[in-house]
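*Asks:*
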Amino acid sequence: MVDVLYFASVRERIGLPKEQVETSAATVAELVDELRAKEERYELAFSDISALKVALDQELATFDAPLTGVREVAFFPPMTGG
Amino acid sequence: MVDVLYFASVRERIGLPKEQVETSAATVAELVDELRAKEERYELAFSDISALKVALDQELATFDAPLTGVREVAFFPPMTGG
Amino acid sequence: MAVRVQEEPFNAGDELNTFSKTSTDVGAVVSFTGLVRDVAGGLQTMEIEHYPAMTERAIIEIVEDAKARWSLKDVLVIHRYGRLEAGDTIMMVATSSKHRADAFAAADFLMDYLKSRAPFWKKETTGNGASWVDGKDEDEDALNRW
Amino acid sequence: MAVRVQEEPFNAGDELNTFSKTSTDVGAVVSFTGLVRDVAGGLQTMEIEHYPAMTERAIIEIVEDAKARWSLKDVLVIHRYGRLEAGDTIMMVATSSKHRADAFAAADFLMDYLKSRAPFWKKETTGNGASWVDGKDEDEDALNRW
Numbered sequence: 037m038v039d040v041l042y043f044a045s046v047r048e049r050i051g052l053p054k055e056q057v058e059t060s061a062a063t064v065a066e067l068v069d070e071l072r073a074k075e076e077r078y079e080l081a082f083s084d085i086s087a088l089k090v091a092l093d094q095e096l097a098t099f100d101a102p103l104t105g106v107r108e109v110a111f112f113p114p115m116t117g118g
Numbered sequence: 037m038v039d040v041l042y043f044a045s046v047r048e049r050i051g052l053p054k055e056q057v058e059t060s061a062a063t064v065a066e067l068v069d070e071l072r073a074k075e076e077r078y079e080l081a082f083s084d085i086s087a088l089k090v091a092l093d094q095e096l097a098t099f100d101a102p103l104t105g106v107r108e109v110a111f112f113p114p115m116t117g118g
Numbered sequence: 518m519a520v521r522v523q524e525e526p527f528n529a530g531d532e533l534n535t536f537s538k539t540s541t542d543v544g545a546v547v548s549f550t551g552l553v554r555d556v557a558g559g560l561q562t563m564e565i566e567h568y569p570a571m572t573e574r575a576i577i578e579i580v581e582d583a584k585a586r587w588s589l590k591d592v593l594v595i596h597r598y599g600r601l602e603a604g605d606t607i608m609m610v611a612t613s614s615k616h617r618a619d620a621f622a623a624a625d626f627l628m629d630y631l632k633s634r635a636p637f638w639k640k641e642t643t644g645n646g647a648s649w650v651d652g653k654d655e656d657e658d659a660l661n662r663w
Numbered sequence: 518m519a520v521r522v523q524e525e526p527f528n529a530g531d532e533l534n535t536f537s538k539t540s541t542d543v544g545a546v547v548s549f550t551g552l553v554r555d556v557a558g559g560l561q562t563m564e565i566e567h568y569p570a571m572t573e574r575a576i577i578e579i580v581e582d583a584k585a586r587w588s589l590k591d592v593l594v595i596h597r598y599g600r601l602e603a604g605d606t607i608m609m610v611a612t613s614s615k616h617r618a619d620a621f622a623a624a625d626f627l628m629d630y631l632k633s634r635a636p637f638w639k640k641e642t643t644g645n646g647a648s649w650v651d652g653k654d655e656d657e658d659a660l661n662r663w
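Protein chains in written order, with our numbering: chain A, 37 to 118; chain B, 37 to 118; chain C, 518 to 663; chain D, 518 to 663.
#1: Here's a check: name, in chain order, each residue in its chain whose Cβ is nearer than 8 angstroms to the Cβ of A/ARG77, leaving out the five neighbours to either side.
#2: My guess is that B/VAL109 and B/LEU92 are in contact by the Cβ rule of under 8 angstroms, so how many angstroms apart are they, rounded?
#3: Could you give the C-beta distance for D/ALA583 and D/LEU627, rounded to a whole number, given that I count them as a contact under 8 angstroms?
#4: Cβ closer than 7 angstroms: which chain D residues qualify as neighbours of B/THR116?
#5: Could you tell me which of A/ALA65, A/VAL57 and A/VAL106 sits nearest to A/THR98, measuring between CA atoms?
#6: Using C-beta distances below 7 angstroms, list every residue in its chain close to D/LYS656, excluding the 5 sequence neighbours before and after it, in chain order.
#7: Look at the alpha carbon of C/THR606 and the alpha carbon of D/THR541, and state the distance between them as a whole number of angstroms.
#8: Just curious, the alpha helix (DSSP H) that D/MET471 is in, first and last residue?
#9: From the DSSP secondary-structure annotation, give me the bridge partner or partners of C/ARG600.
#10: Does the pairing of the stretch 571 to 589 of chain D with the stretch 572 to 590 of chain C give three or more beta-carbon distances under 8 angstroms?
#11: Is D/ARG554 helix, strand or coil when you go by DSSP?
#12: Out of C/THR550, C/ASP531 and C/ASP591, state which residue places its alpha-carbon closest to the alpha-carbon of D/ASN668.
#13: Measuring alpha carbon to alpha carbon, tell me which of C/LEU660, C/VAL553 and C/ARG662 ends up nearest C/THR562.
#14: Taking B/PHE112 as the query, report the chain D residues whose CB atoms sit under 8 angstroms from its CB, ordered along the chain.
#15: So what does DSSP say about D/ALA611, is it helix, strand or coil?
#16: Does the structure place the stretch 614 to 628 of chain D close enough to the stretch 533 to 549 of chain D that three or more beta carbon pairs sit under 8 angstroms?
#17: Using the C-alpha atoms, what's the distance from C/LYS640 back to A/PRO102?
#18: Less than 7 angstroms between the beta carbons of D/VAL520 and D/ILE576, yes or no?
#19: B/GLU75 by DSSP, collapsed to three states: which one?
#20: Suppose contacts are defined by Cβ-Cβ distances below 7 angstroms. Is A/VAL38 in contact with A/PHE112 by that definition?
#21: Buried or exposed for D/GLY644, please, with buried defined as at least 16 other CB atoms from any protein chain shown within 10 angstroms of its CB.
#22: Is the separation between the beta-carbon of D/LEU593 and that of D/ALA611 shorter than 7 angstroms?
#23: Among the candidates D/GLU573, D/THR550, D/GLU525 and D/PRO569, whose CA atom is the shortest distance from the CA of D/LEU533?
#24: Pull out every residue of the stretch 578 to 609 of chain C whose Cβ sits closer than 7 angstroms to any Cβ of chain A, in chain order.
#25: For C/GLY604 versus C/GLU524, is the C-beta spacing smaller than 7 angstroms?
#26: With a 10 Å radius around its C-beta and 16 neighbouring C-beta atoms as the bar for buried, classify B/LEU80 as buried or exposed.
#27: Can you tell me the Cα-Cα spacing of C/ARG586 and C/ALA623, whole angstroms?
#28: Excluding five sequence neighbours on each side, which residues of the same chain lie with their C-beta closer than 8 angstroms to the C-beta of C/GLY652?
#29: Looking at the strands, I want to know which residues DSSP matches up with C/GLY646.
#30: By how many angstroms is the C-alpha of B/THR116 removed from the C-alpha of B/ARG107?
#31: Between D/GLU602, D/LEU660, D/ALA570 and D/THR642, which has its C-alpha nearest D/ASP625's C-alpha?
#32: Counting only Cβ-Cβ distances shorter than 9 angstroms, please list the residues of the stretch 542 to 568 of chain C near chain A, keeping chain order.
#33: If you measure from the beta carbon of D/ARG617 to each beta carbon in chain C, is any gap under 7 angstroms?
#34: Could you give the distance in angstroms between the alpha-carbon of A/GLU55 and the alpha-carbon of A/LEU71?
#35: By the DSSP assignment, the alpha helix (DSSP H) with C/PHE536 in it spans what residues?
#36: Return the CA-CA distance between D/VAL556 and D/ALA635, expressed in angstroms with no decimal places.
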């Protein structure tokens with residue numbers, strides 16, 4: 037079980053800020069594939085992952101990063117702070 | 037006749053902030069030579085003109101600049117504002 | 518070092534004055550203030566979302582990086598979230614140092630990294646509707662300067 | 518644009534706040550504040566001499582140059598002269614722009630030029646006596662960046 041968080045446009049497309057996901061995915065990319073298969077709104081939100089960023093336990097990571105030991109995965113568009 | 041102004045360490049060496057000088061010098065360098073010939077304190081103040089700056093009518097200039105039409109000549113060390 | 522992530526407005530001038538008085542060994546203070554800019558269509562509100570568990574920690578990491586690269590006396594970062602209006606102050610960064618080159622470079626660096634690495638997202642609502650502000654390629658490219 | 522050369526102290530924070538409110542089309546404000554730094558021997562006073570007939574005009578020329586090089590909404594320069602003590606604010610520069618890159622570059626440029634091209638001279642009095650601050654080669658070299 038991992039906590040999956042969505043922010044900004046990803047949150048709006050999926051329609052929720054956070055959910056618990058039962059997964060045996062080895063990498064972020066595999067988790068994304070599982071999510072995309074769930075429902076069309078996920079398919080839409082993850083249609084272009086090159087335009088998205090991911091953080092594992094609050095640290096920026098890449099989509100090929102392993103999920104071993106990870107408790108919180110967050111997906112979001114590029115940051116626009118400052 | 038030109039007004040000659042001295043600032044900072046140049047002013048302190050020469051011992052006055054401003055004087056009127058009767059000169060027929062064609063360039064700043066010639067004026068400096070005339071001043072150096074006046075008294076030892078001038079000789080001291082102008083001993084190394086590569087360490088000094090000059091402004092003609094409130095605009096930075098070089099020591100080979102002509103004095104034609106110039107009303108105010110100012111000598112000073114490199115600026116240290118900011 | 519002080520890092521504050523907050524919903525409440527803050528007074529950038531007061532923050533600058535307080536920050537400048539922390540040491541008599543400081544010769545240079547650089548500040549950056551980010552303001553909500555009015556946009557085509559007339560900005561009604563700007564909503565800033567963030568990732569609370571990550572935000573402060575990401576900013577602290579960026580500040581530590583700056584402190585390792587330049588000789589700094591102190592660093593201040595304040596960033597707001599929530600609902601803002603045109604002219605409101607979104608955030609500020611301040612750096613202090615003995616000499617101006619360090620203070621300038623560090624503030625510039627901090628802004629580049631906060632822009633693209635701190636988890637904030639801006640949504641603008643204008644007369645034409647609401648939309649998320651796009652991350653700009655030039656902001657990502659700016660990181661290559663350092 | 519505002520350029521002020523004055524003996525009186527000023528409040529950098531208040532100046533920053535006033536400056537930041539001049540337009541709703543401003544997204545970025547960068548400020549630099551120069552402070553009297555304590556030195557070895559213990560600073561008693563710093564005396565700043567200037568060339569009144571030239572000072573303001575030299576600063577305005579530098580500001581016009583910055584405005585020609587970058588897209589700026591506004592520029593503020595305040596520089597004091599006379600007697601100051603450690604911790605006092607000597608001067609400030611502020612720039613505002615739509616985007617941060619212009620505001621940062623212009624403030625950095627203004628400081629480099631004010632340092633070596635505006636007619637101010639600093640004299641420090643410490644427990645070891647009084648001496649004029651030397652112009653640094655690195656300040657002159659800094660102009661080659663632009």
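Ideal Cβ placement from N, Cα and C applies to all residues, glycine included. None of the values given here were measured: they were computed from a predicted structure.
*Replies:* Taking the structure as given:
#1: ARG49, ILE50 and GLY51
#2: Indeed they touch by this definition, with Cβ atoms about 6 angstroms apart.
#3: Indeed, because the Cβ distance is near 5 angstroms, the residues count as touching under 8 angstroms.
#4: PHE637, TRP638, LYS639, VAL650 and GLY652
#5: A/ALA65
#6: First, the amino acid is wrong: residue 656 of chain D is Asp here, not Lys. Contacts found: LYS632 and SER633.
#7: The C-alpha of C/THR606 lies about 11 angstroms from the C-alpha of D/THR541.
#8: As displayed, chain D neither begins before 518 nor continues past 663, which places residue 471 of chain D out of reach and without an answer.
#9: C/GLU564
#10: no
#11: coil
#12: Given a span of 518 to 663 for chain D in the structure shown, any question on residue 668 of chain D remains unanswerable.
#13: When C/LEU660, C/VAL553 and C/ARG662 are compared, the shortest CA-CA separation from C/THR562 is found for C/VAL553.
#14: TYR568, PRO636 and TRP638
#15: strand
#16: yes
#17: 32 angstroms
#18: Yes, Cβ-Cβ distance for D/VAL520 and D/ILE576 is below 7 angstroms.
#19: coil
#20: no
#21: exposed
#22: yes
#23: For the residues D/GLU573, D/THR550, D/GLU525 and D/PRO569, the minimum Cα distance to D/LEU533 belongs to D/THR550.
#24: HIS596 and MET608
#25: For C/GLY604 and C/GLU524, no; Cβs fall outside 7 angstroms.
#26: Answer is exposed; the Cβ neighbour count stays below 16.
#27: 8 angstroms
#28: SER633
#29: C/THR643
#30: 25 angstroms
#31: D/LEU660
#32: Within the stretch 542 to 568 of chain C, contact with chain A at the beta-carbon level (separation under 9 angstroms) is assigned to PHE549, GLY551, ILE565, GLU566, HIS567 and TYR568.
#33: yes
#34: 11 angstroms
#35: Looking at the DSSP string, the run of the alpha helix (DSSP H) that includes C/PHE536 is 529 to 537.
#36: 23 angstroms
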